[in-house]
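Some notes on the structure that comes next.
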Amino acid sequence: MAKAHVQPGDRFFKVGHPETVWIATRLIELPNLPMHVHLTNERDDLQMQTLSEVALEDRKLYQKVRTH
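According to full-length UniProt numbering, the sequence shown holds residues 1 to 68 in order.
Laid out in structure tokens, this is it:
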């Protein structure tokens with residue numbers, strides 16, 4: 001398995017929509033594709049999505065929630 005930059009527990013928001021936070025719940029390795037990440041909405045765990053790690057790391061699309 002390739003080393004993932006996104007880790008379970010990392011939190012992201014879509015640019016322009018900071019009110020919705022997505023939590024990385026698991027990494028998905030697919031043959032011949034970039035690493036994918038399963039995400040769950042922080043406020044509603046029935047809302048889920050799967051995105052490529054590449055999309056999550058594109059700062060024009062998603063921003064990582066900074067913890068202090």
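C-beta atoms are modelled at their ideal positions from N, C-alpha and C, and glycine is treated no differently.
Excluding its 5 nearest sequence neighbours in each direction, LEU56 has C-beta neighbours in its own chain below 7 Å: VAL6, PHE12, VAL37, TYR62, listed in chain order. Excluding sequence positions up to five before and after ASP10, its CB lies within less than 6 Å of the CB of ALA24, all in the same chain and listed in chain order. Distance from the CA atom of LEU46 to the CA atom of LYS64, rounded to whole angstroms, is 21 Å. Taking 8 Å as the cut-off, the Cβ atoms of GLU42 and VAL21 count as close.
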